[in-house]
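What follows is a short report on a single structure.
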Amino acid sequence: MSGLLHDKNILVMGAANQRSIAWSIAEAVHREGGRVALTYQAERLKGRVTRLADELGGAPMIECDVADDDAVRRAVDRLAETMPVLHGVVHSIAWAPAEDLQGSFVETTRTGFAQANDISSYSLIAVAREARRLMTEGGAVVTMTYAGSWRVIPNYNVMGPAKASLESSVRYLAADLGPAGVRVNAVSAGPIATVAARTIKDFSGMLDLLESHTPLRRNVTADEVADAAVFLLSDLARAITGEVVHVDAGAHAVT
Ligand code: NAD
Ligand code: 0WE
Numbered sequence: 002m003s004g005l006l007h008d009k010n011i012l013v014m015g016a017a018n019q020r021s022i023a024w025s026i027a028e029a030v031h032r033e034g035g036r037v038a039l040t041y042q043a044e045r046l047k048g049r050v051t052r053l054a055d056e057l058g059g060a061p062m063i064e065c066d067v068a069d070d071d072a073v074r075r076a077v078d079r080l081a082e083t084m085p086v087l088h089g090v091v092h093s094i095a096w097a098p099a100e101d102l103q104g105s106f107v108e109t110t111r112t113g114f115a116q117a118n119d120i121s122s123y124s125l126i127a128v129a130r131e132a133r134r135l136m137t138e139g140g141a142v143v144t145m146t147y148a149g150s151w152r153v154i155p156n157y158n159v160m161g162p163a164k165a166s167l168e169s170s171v172r173y174l175a176a177d178l179g180p181a182g183v184r185v186n187a188v189s190a191g192p193i194a195t196v197a198a199r200t201i202k203d204f205s206g207m208l209d210l211l212e213s214h215t216p217l218r219r220n221v222t223a224d225e226v227a228d229a230a231v232f233l234l235s236d237l238a239r240a241i242t243g244e245v246v247h248v249d250a251g252a253h254a255v256t
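In the working numbering, the protein residues as written are 2 to 256.
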């Protein structure tokens, strides 16, 4: 079989259901001939993720709560049993307390800030540290970010600084892991109606506004975001690292 990711082993973290960006990426990796392993956050998601893994012909599935360094280490140890060499990791994980994603930013709590940064940003460092043990042939790490990192988007609040920190970590990790042949990049996606997004107040109003203002006069799909992630995982992107690629129908270029 041919394909951009032929013979590559790719770990995809953050598929919770069929709408998850991570799931679209897993499907696109599979389409391009890559072998996929999935991690899921917790036991309560296992049933749903099992059905997704079955669609990929029985992809290996590993539980991994990224809040816990030991859990990340154990997950990579388990991964090594089926994928002793890893070529790519997709980190598609974010979380902040719901009460910190509304209202006045100045009311952001210390614990909300710490949790948002722990789960949504620090986890990339923990995952990269463990995964690089298996990236003995070089590899690529891809994470997901959002324009709320660099511009104020109403209600994104505490997630804004968390994504700014995530994008900065992409650059520091790229510098650190580059000599070992490991590239680190982020995809900055336009809004997509996943579970994490649909709970947001007036999310559909935001989609409507973008439809009339983005250069392409539309929103983006998870499949389009997934194709960019596949590119960054592939050898086509072999000289790209420390980069944040906007896949947002051009929204970042206009006010
Ligand atoms: P989603 O809810 O489908 O995915 C978020 C995932 O994070 C879930 O699978 C959840 O289980 C996982 N997660 C949360 N806490 C975790 C923990 N402690 N350990 C392990 N996993 C944990 O939503 P999504 O929209 O697919 O989000 C994926 C990524 O894409 C996030 O980083 C998000 O910020 C980013 N993103 C989303 C959009 C959008 O509009 N949907 C836009 C740009 C970027
Ligand atoms: O990163 C995100 C959302 C991340 C997220 C979502 C939730 C909802 C449920 C993190 N934590 C939680 N916690 C919960 O309890 N996105 C890029 C999607 C998103 O969120 C927004 C957006 C967009 C787009 C919030 C406000 C405005 C726009």
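Glycine included, every Cβ here is placed at the ideal spot set by N, Cα and C.
In the DSSP annotation of this structure, the continuous segment of the alpha helix (DSSP H) that includes Ala230 starts and ends at 223–234. Note on the stretch 67–91: whole alpha helix (DSSP H) runs with a minimum of 4 residues are 70–83, in chain order. Counting C-beta pairs with one atom in each stretch, the stretch 170–186 and the stretch 234–245 have three or more that are closer than 8 Å, which means they touch.
When only Cα atoms are considered, Ala97 and Ala17 end up about 16 Å apart. When C-alpha distances from Val188 are compared across Glu131, Val107, Leu234, the shortest belongs to Leu234. For Ser189, the shortest C-beta to heavy atom distance toward the ligand NAD is below 8 Å. Taking a 10 Å sphere around the C-beta of Leu167, we find 16 or more other C-beta atoms and assign the residue as buried. DSSP, read as helix, strand or coil, puts Arg152 in coil. Relative to Ala197, the option among Met84, Leu178, Glu131, Ser21 whose CA is nearest is Ser21.
Residue nearest to Thr144 within the set Ile120, Leu237, Gly34 is Ile120 (criterion: CA-CA distance). For His247, DSSP records a beta bridge to Ser189. Distances from the CB of Gly15 to the heavy atoms of the ligand 0WE are all 8 Å or more. The Cβ atoms of Ala117 and Val159 lie closer than 9 Å to each other.
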